[in-house]
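Per numbering that gives the first Met the number 0, the sequence shown starts with residue 0, numbered consecutively.
Inspection log for the structure reproduced underneath, given as structure tokens.
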Amino acid sequence: MQKGGVAYPTEERWHKRPTALFGGIAIYLGIAIPLFFVSDFSTILLHLKTSSDLPALPSISAVLWIGMTLLFVLGLLDDFINIKPHTKLVGQILVASMVTFFGFRLQWFTSLTLDTLITIFWIVGITNAFNLLDNMDGLCAGVGCIAALYLAFLLSGKLPEGFLAAMMLAGALIGFLFYNFNPASIFMGDCGSLLIGFMLSMLTLLYPEAGSANVLSSYAVPILVLLVPIFDTTMVTFIRILSGRKASIGGRDHTSHRLVLMGLTEKGAVLSLYGIGMISGIAALFVDKTDTLTSPVVIVPIVISILLMGIYLAQIRVYPEKEFSLLRDRPYTPILIELTYKRQILLVLLDFFLIAFAYYFSYRLRFDSDTFPLYFKVFLRSLPAVIACKFIAFFSMGIYRGIWRYMSTNDVFLDLKASFVATVLSVAVIILIYRFEPFSKGIFVIDWLLTTALLLGTRGSFRLFVDTMKQKKLAGEKILIYGAGRGGEILLREILNNEKLKIKPVGFIDDDILKIGKKLQGYPILGTFNDIETILKKDMIDGLLISFCNNDSNHLDAVRAFCSANGLFLKKFSISLEEIDLQRK
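So this is what it looks like as structure tokens:
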């Protein structure tokens, strides 16, 4: 709720104390004043008077200044009187249409009509993406600053006006972050977030004008630079629609909120998204400097990583009701239901891209830039056969029958065997069809190593995510587990998988001094029973769980006495099989 220039906490908002609004005014003034004096507004009038079909582009700074001012006013009105979402959308479309009218477009399509429509959608989408990203202290300003710096680097030496505008935006956001980073003393409001989103969307339109390195980079670079807001908006919108929630209404289900629910602090969640923005920005610089055949080396891993991240975060329960409720309550197509509930379909699609990428990357590693274009035709010709062979091997070996969240050593060995059989089958088919004449045998060795690593990496990441989530969500009485052997491991797994126990392990103690300092399932072995007093001083322990079957009564009496003297509860873990009387009715 907003009143008197102050944002008050609500159920749908993340902040917990009243915070001043209108920091966006400072951001606007920090950019608008210097940008006004370097803008040549006469070029806009000249553009309007020009009768040719393709008049010269007006001053970049002038168009930026007009667009950001209009959206700043629109956002300011929303901050004051809470205008309706469709009213804001109309205003954004009008500003985006103005930009395309002056000739600035993404240049993704040869059809001017299609390119114009996609550009308007891009500007409106990115503008709203940053508006939605303003959901945690320092997030929108920090991600926007990182994107602005990368765009400044990409435009430097090519478009001075674009470079200068990007640096102005970055400088204003750096100054604002001193007051907006956690704990924030002021928020930017819609007048700030809409301004940031528009400026960055407009600056990405300048990238093709600056002379992109290749065709692929003109598509990939703008998306990579703005990957964080694009990912957050796409995921949130998709989940809200399928959950029966309005996409235009705020909520606590953004990427940053889900990272906090995983166990990260607010600062940790924001810094994690900063890191993703930096990595994707570095990838954008790489794509900008390389050719179309080399760019997929970084594009594909980032796309796969983002898809996996989306799958992980979508599983986190944010609201009391179940996610994707509309899929159960309404007659959507069977295909959509299959994709949502039968995850194996998604895993097959994931493996399709992993197989193709591993085979492609093998060629990139095997051949240098001069010879790769010659062998690229060989790659394209043999790719369908390799994909088919590997899927036949994967299905016949049964790697899609397991449950990845419970991945065990048996599953690891199965994946290793499946990858090996897939490679052997691929080699046999290639020999049969092509007689191996134009192929390098080293390709298949590299391909086997890459395929194996990707299979184990993706499947292991699911298990790692589940285990991490369980550890982060544990809450209750703090306990020590006495015994870091097999019984201790089983007990720990039961604690992680059974939230009803309401206990949180701090670590282990064990009488075997060789185990001290090591870890079991990520939990430290802190010492022996003789060290428990020292451990108790460092950590506030509520109780002790014994995980081993030791019938030494003297030892148990000593443990019992210590727990009684220090106010700790004592429980013993046991597993038993109880025979059921088959004759009883």
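Virtual Cβ for every residue (Gly too), placed ideally from N, Cα, C.
Taking C-beta atoms as the reference points, residue 135 and residue 268 count as a pair closer than 9 Å. Taking the Cα positions, residue 450 is about 7 Å away from residue 418. For residue 141, the CB contacts under 7 Å within the same chain, skipping 5 residues up- and downstream, are 176, 269, 273 in chain order.
Shown here for residue 281: not one same chain residue has a beta carbon closer than 6 Å to its own, the five before and five after excluded. Distance check between residue 39 and each of 56, 26, 23 places 56 closest, using alpha-carbon atoms only.
Inside the region 161–243, DSSP marks whole alpha helix (DSSP H) runs of 4 or more residues at positions 188–208, 214–224, 226–241, from first to last along the chain. Residue pairing by DSSP puts residue 481 in a beta bridge opposite 508, 545. In terms of Cβ geometry, residue 128 and residue 231 form a close pair [threshold 9 Å]. For residue 26, the uninterrupted alpha helix (DSSP H) run begins and ends at 22–37, by DSSP.
In summary, residue 577 is exposed, with fewer than 16 beta-carbon neighbours lying within 10 Å of its beta-carbon over all protein chains present.
In terms of CA proximity to residue 194, 26 leads the group 442, 26, 375. Under the 10 Å beta carbon count, residue 36 is surrounded by fewer than 16 other beta carbons and is classified as exposed. Residue 124 is not a Cβ neighbour of residue 275, given a cutoff of 9 Å.
In terms of CA proximity to residue 567, 558 leads the group 432, 558, 180, 575. Between the C-alpha atoms of residue 45 and residue 215 there is a straight-line separation of about 34 Å. The Cβ atoms of residue 570 and residue 543 sit closer than 9 Å to each other. Shortest Cα-Cα distance from residue 122 to any of 32, 346, 222 involves 222. Residue pairing by DSSP puts residue 526 in a beta bridge opposite 508. Residue 568: not part of any alpha helix (DSSP H); member of the beta strand (DSSP E) spanning 568–571, first to last residue. Residue environment analysis places residue 504 among the buried positions, since at least 16 neighbouring C-beta atoms fall within 10 angstroms of its C-beta.
Relative to the Cα of residue 350, the nearest Cα in the group 314, 381, 362, 306 belongs to 306. Inter-residue distance for residue 386 and residue 86 is about 49 Å (C-alpha atoms, whole angstroms). Rounded to whole angstroms, residue 62 and residue 98 show a C-alpha spacing of 7 Å. Here residue 476 is exposed, its C-beta having fewer than 16 other C-beta atoms within 10 Å. Judged by beta-carbon spacing, residue 94 lies beyond the 9 Å limit of residue 146, meaning their Cβ atoms are not closer than that value.
With respect to residue 162, residue 172 sits apart: the two C-beta atoms are not nearer than 9 Å.
In its chain, beyond the 5 residues on either side, 365 have a beta carbon closer than 7 Å to the beta carbon of residue 439.
Under the three-state reduction of DSSP, residue 503 is assigned to strand.
DSSP, read as helix, strand or coil, puts residue 48 in helix. When 565, 109, 429, 393 are compared, the shortest CA-CA separation from residue 413 is found for 393. Residue 254 and residue 400 have their C-alpha atoms roughly 30 Å apart.
Distances from the alpha-carbon of residue 238 to those of 525, 207, 311 put 311 closest. Between residue 534 and residue 526 the beta-carbon gap is near 6 Å, inside 8 Å, which marks them as a contact. Contact check for residue 507 against residue 501 fails: the beta carbons are separated by 9 Å or more.
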